[in-house]
Amino acid sequence: MAKKLKLLEAPKEEPISLQEAKNHLNVDYNYDDELISGYITAARQYAEEYTRRSFVTQTWQACGYHAGDLPRPPVVEVLLAADGCITYTAGYGSAQDVPGPIREAIKAIVADLYDGQGFGQGHQQAHRLLNMYRVRRL
337 MAKKLKLLEA
347 PKEEPISLQE
357 AKNHLNVDYN
367 YDDELISGYI
377 TAARQYAEEY
387 TRRSFVTQTW
397 QACGYHAGDL
407 PRPPVVEVLL
417 AADGCITYTA
427 GYGSAQDVPG
437 PIREAIKAIV
447 ADLYDGQGFG
457 QGHQQAHRLL
467 NMYRVRRL
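Numbering (my numbering), first residue to last: 337 to 474.
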């Protein structure tokens, strides 16, 4: 069976709040709130892809994987195993449970996006912070 991974339930919250991002950006007005919120989600998704981890609790279905080798750790609970597929929850828990360096990396990426820097110093800083959490492929 070919390996397949599908997100069944996205996180219900982001690792950093809108207010945390605004404080990091020194933004004290509200008219960019929607833009900044989008950047938070994009930064989290980028950081999760880079580290190959789940940050805030989410539900996945992995087909063609063994229970001890499920992608997107940390695995919290296996919910169902049937027909070569495993449904499970993964993540550190709530936003406050996400390790500080990951939260800081997300803030750095948001700052780059907000400042129009693309892959600037914030992304470089984020990579340094995220490297210790990166799941290596063998």
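The beta-carbon is built from N, C-alpha and C at its ideal position, and this holds for glycine as well. Keep in mind that this is a model prediction, so the values were computed, not measured.
Rounded to the nearest whole angstrom, the C-alpha separation of Y428 and D369 is 26 Å. For R470, same chain residues with a beta-carbon under 6 Å away, outside a window of 5 residues either side, are T387 in chain order. Here A338 is exposed. Its C-beta has fewer than 16 other C-beta atoms within 10 Å. In this chain, the beta strand (DSSP E) harbouring T395 covers Q394 to C399. Counting along the chain, the unbroken alpha helix (DSSP H) around A379 starts and ends at D369 to T387.
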